[in-house]
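Structure first, then comments.
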């Protein structure tokens, strides 16, 4: 079957008609980009890389031709790919395709939903992702692309539709939260497209009840509160910190760390920092002392009843629900008490007010106000101060595609490098439908 597919060039007839229609329609300026195919080399479906390169080159020609003919077109869609799985095959494909794609995409899961080992994985600190898990792909993209940018175009904790009571519960949110934080340390990763909006047990919206799952609220708060720049490494106040970037505490891996702190520039705040704190320990609380600033706004999330297995989320003591299709008001608790009690099994978003971080000040504002660079030491202490290195402006926080696009549609100039997973999947299905049709015809002819 693989050999048969490799003897066939891509029949772009239907794709060309779709793109021509789109380019002349009112949607011409709302399409961010197109991805050609979906895991096309997985399990030997297509092995001839040269034919795949030719298909991408043809797609580029079609887009250039169709969008250039529309006088009202304000931008030309980008090309994404190869939508591959695994570092080795992604490296192989980008070696050939790097010059033909604007944004590299790959798929990343961390286990199979049907595997019993996933249960043990979810109950241990192995659930916490380390930035080095993304560095291999980052190095590949930097090597083979002139203007490197990479998305996790499809991802979740587990493939095979996830696993009930794990990927759809609050325990999975510890994985999701720390994954976004770890990914922000591995440039040029910029976008994480979550699998899936609805469907399976890794969904953000339950296909059974249409209620929001815990990871939906993580995505919602991330979009609302976290800015576009990460500050310093991930730190753990429970042991002596290393000033080296991309480390947990003193060591390379998470070890037994159950409390981790990610620092970012706060969204909508011109110079203030904010922290995303995960306390994975299901029995122990933790007191976090913010040693700078004048006030804080805190959003403390727990599973209903304090359970990590809950499919419902409580924010500052109030159950989060969507009623009549409307999101609730998401208001943090404002306080001048800088000592925060973090409950067991909790995820917290904390914005610090009255403290200026030079990395978070827009360059234009810094020039006008004459802000001098400051040496940034940790704003977090347990019993003593923990220092951590300042980022050099290169760390980027990923946007969460599925959630942000669904609830906060924005005109194209405001959409910062994200696109619905569903749109990419649709494009891939159309572009490679001929593969499925050819298989069906061959089976019928046998």
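In this note's numbering, the protein residues as written are 4 to 449.
Glycine residues also receive a C-beta, built at the ideal position from the N, C-alpha and C atoms.
Can you tell me whether residue i sits near the ligand SAM, meaning its C-beta is under 7 Å from at least one heavy atom of the ligand?
i	result
residue 219	As presented, the structure is devoid of all ligands, the ligand SAM included, so that no description of it is given.
Between residue i and residue j, what straight-line distance do the alpha-carbon atoms span, to the nearest angstrom?
i	j	result
residue 289	residue 261	11 Å
residue 305	residue 169	15 Å
residue 144	residue 327	44 Å
residue 67	residue 296	51 Å
residue 345	residue 299	14 Å
residue 85	residue 337	45 Å
residue 74	residue 20	19 Å
residue 287	residue 361	35 Å
residue 189	residue 141	7 Å
residue 34	residue 136	31 Å
residue 321	residue 152	39 Å
residue 22	residue 14	14 Å
residue 197	residue 182	11 Å
residue 394	residue 233	Residue confidence for residue 394 is low, a pLDDT of 31 falling below 50, so the modelled location carries little weight and cannot support an answer.
residue 283	residue 125	11 Å
residue 187	residue 225	12 Å
residue 209	residue 313	13 Å
residue 267	residue 281	14 Å
residue 46	residue 40	14 Å
residue 63	residue 147	18 Å
residue 44	residue 365	43 Å
residue 249	residue 112	Reliability of the predicted coordinates at residue 249 is poor, the pLDDT of 34 falling under 50, and no value is obtained from them.
residue 301	residue 272	15 Å
residue 450	residue 133	No statement about residue 450 is possible, as the shown extent of the chain runs from 4 to 449 and does not include it.
residue 16	residue 158	30 Å
residue 65	residue 78	15 Å
residue 28	residue 123	50 Å
residue 426	residue 61	Confidence at residue 426 is low in this model, with a pLDDT of 38, below 50, so its placement is unreliable and the value that follows should be read with caution. Each residue's alpha carbon lies about 20 Å from the other.
residue 238	residue 24	50 Å
residue 331	residue 200	19 Å
residue 57	residue 178	38 Å
Restricting to Cα atoms, I'd like to know which of the options is closest to residue i.
i	options	result
residue 55	97, 79 and 71	97
residue 215	329, 229 and 234	329
residue 456	175, 166, 176 and 52	This structure leaves residue 456 out entirely; the chain is present only between 4 and 449.
residue 212	45, 171 and 40	171
residue 341	358, 209, 348 and 350	358
residue 53	231, 95, 318 and 311	95
residue 311	331, 347, 323 and 339	347
residue 231	238, 265 and 270	270
residue 308	61, 325 and 285	285
residue 50	102, 93 and 24	93
residue 150	191, 11 and 123	191
residue 229	199, 28, 325 and 265	265
Hey, residue i and residue j are a contact pair by Cβ (cut 8 Å); roughly how many whole angstroms apart?
i	j	result
residue 26	residue 69	4 Å
residue 87	residue 110	7 Å
residue 207	residue 185	That pair is no contact at about 20 Å.
residue 343	residue 355	Rounded, the Cβ-Cβ distance is 11 Å, inconsistent with contact.
residue 104	residue 121	No, residue 104 and residue 121 are not in contact; Cβ-Cβ is about 32 Å, not under 8 Å.
residue 180	residue 350	5 Å
residue 263	residue 130	That belief does not hold up - the Cβ atoms of residue 263 and residue 130 are roughly 11 Å apart, past 8 Å.
Give the secondary structure of residue i by DSSP, where H, G and I count as helix, E and B as strand, and everything else as coil.
i	result
residue 59	helix
residue 116	coil
residue 157	strand
residue 358	coil
residue 328	coil
residue 139	helix
residue 197	strand
residue 103	coil
residue 176	helix
residue 204	coil
residue 223	helix
residue 398	Bear in mind that a pLDDT of 31 at residue 398, under 50, signals an unreliable position, so the number given afterwards is only what the model happens to contain. Three-state result, residue 398: coil.
residue 389	The predicted model places residue 389 with a pLDDT of 28, which falls under 50 and marks its position as unreliable, so this point remains unresolved.
residue 281	strand
residue 36	strand
So, residue i versus residue j, is the Cβ gap smaller than 8 Å?
i	j	result
residue 363	residue 236	no
residue 164	residue 116	yes
residue 76	residue 32	yes
residue 316	residue 173	yes
residue 154	residue 193	yes
residue 156	residue 42	no
residue 218	residue 176	yes
residue 100	residue 59	yes
residue 195	residue 160	no
residue 319	residue 293	no
residue 227	residue 106	no
residue 139	residue 80	no
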